[in-house]
Structure formats: C-alpha cells, structure tokens
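Counting with our numbering, you get residues 9 to 191 for the letters of the sequence shown.
Quick notes on the structure that follows.
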Amino acid sequence: MRHLPNLICLLRIALIWPIVIALERGQDLAALGLFVAAAVSDGLDGYLAKRCGWTSDFGRFLDPLADKLLLVVVFVACTWLGLVPWWLTAAVVARDVMIGLGAATYRLWFGPLHGRPTLPSKVNTAAQLLYVVLVLLAAASGVPARGVVAAAALIAFATTVLSGAHYVQTFARRAWAQPEGVR
C-alpha cells in the first residue's frame, strides 16, 4: 500500500493523453470529467502520502512532475483550440521551465534540493486547476459566464507570476547561503 500515492501519480500522467484526445475531438464534457479526476488525484496522493507516511524520494519527484505535465499539456492543448489565451499559457510554461532550469542549476552547482512545494506554489497549482476546470465547464455547458472565466484567468496569471518570482527568490537565497567554497 505504501506505493499507492506513486501509482495515483502515474494514473494522473496516464490521464493526460485521453484528456487531450477528448479536447481534440470536441468532447468537452469527457475532457472535463477526466481533468477533474486528474485534479482530485493530485490531492488524494498528497493526502495519502502525508496521512499514512507513504512518502518516498521517487514520490517527491513524481508528484510535481505529474502536476507540471498535466497542467502544461492541457494549457497548451486548450490554447491550441482557442479555449485559453496564449499569454496565460506562455506564463504557465515559462514558470515551469524557469523552475526546472533553476532546480537543475542549483542541483548541479550546489547539490540536492531539499525543498517542498511552497505555499505560493500550492496556491498557484490550485488556481491553475480551477481555471482549467472553469474553461472546460464553460466549453461543455456555457457556464460560468465569460467574465468569471476571464477573472479566473487573471488570478491564475497573477499566482503564476508570484509563484515563479518566489521560486527565483528562494533559489537565490539558498545559493547565497551556501558556504564560500561551495559557491
């Protein structure tokens, strides 16, 4: 049972392709259902890992990877289909690329990162997940109104920028805190 959170993460990754296929075929309700299942799996695997003590180094790598893959791929697909504005997807992709490059650079120059997702990052992930749910719900049913979806886009954009800036600040602070010989 201790590997259940990792299996749930792998399931989330496996749901990406069916979500994209449903979007491409105009099956917005199916895409919404699959995306909601993937979003719920994000909370479920984290809950199980923490509550039951089923954490692992692999899980600490896999969970954020699954989140990033899900969100980036769905944002790009939705932008391609005209459901999400390009500027928001560009911010989402740029943030994740920046975090990935920052983490790789830190690991290469200073050693392993011993960090957890930050509060701004968790808020950002929730805002992005909620935004995609609203976009897919609007595509499937016409509800909520465009103004609500536009407001959610601005919130997702703001949290994306703030979270990205927070990661840059965190990486920089950790790098500067290293002993002189390590820098």
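Glycine included, C-beta positions come from ideal geometry on N, C-alpha and C.
All figures in this text were calculated on a predicted structure; none of them were measured in a lab.
Measure the alpha-carbon distance for residue i versus residue j and round it to whole angstroms.
| i | j | result |
| --- | --- | --- |
| Ala102 | Thr113 | 16 Å |
| Arg59 | Gly51 | 12 Å |
| Gln136 | Ser129 | 10 Å |
| Leu138 | Ala57 | 23 Å |
| Val44 | Gly150 | 17 Å |
| Ala160 | Leu91 | 13 Å |
| Ser171 | Glu32 | 30 Å |
| Trp184 | Ala38 | 48 Å |
| Thr133 | Phe118 | 27 Å |
Kindly indicate which three-state DSSP category residue i falls into: helix, strand or coil?
| i | result |
| --- | --- |
| Ala185 | coil |
| Val92 | coil |
| Trp62 | coil |
| Gly34 | coil |
| Pro120 | coil |
| His8 | The structure shown does not extend to residue 8, since the chain is modelled only from 9 to 191, so the question has no answer here. |
| Gly150 | coil |
| Arg115 | helix |
| Leu126 | Rather than Leu, the amino acid found at residue 126 in this sequence is Thr. Thr126: coil per DSSP, three-state reduction. |
| Met106 | helix |
| Arg20 | helix |
Drop a sphere of 10 angstroms on the beta-carbon of residue i, count the other beta-carbons inside from all chains shown, and report buried for 16 or more, exposed for fewer.
| i | result |
| --- | --- |
| Gly155 | exposed |
| Val53 | Here residue 53 is Asp; the residue named in the question, Val, does not match the sequence. Per the 10 Å Cβ criterion, buried. |
| Ala153 | exposed |
| Ala22 | exposed |
| Ala158 | exposed |
| Tyr55 | exposed |
| Gly108 | exposed |
Sort the options by Cα distance to residue i and report the nearest one.
| i | options | result |
| --- | --- | --- |
| Ser277 | Cys17, Leu109 and Tyr175 | This structure gives no information on residue 277, because the portion of the chain shown stretches from 9 to 191. |
| Ala30 | Ala85, Trp62 and Ala134 | Ala85 |
| Gly61 | Met9, Ser171 and Gly119 | Met9 |
| Thr178 | Leu77, Phe66, Gly67 and Ala111 | Ala111 |
| Asp104 | Trp117, His122 and Val81 | Val81 |
| Val100 | Pro26, Leu12, Leu162 and Gly34 | Leu162 |
Report the CB separation of residue i from residue j in whole angstroms; it is logged as a contact under 8 Å.
| i | j | result |
| --- | --- | --- |
| Thr167 | Val131 | 5 Å |
| Leu144 | Leu79 | That belief does not hold up - the Cβ atoms of Leu144 and Leu79 are roughly 13 Å apart, past 8 Å. |
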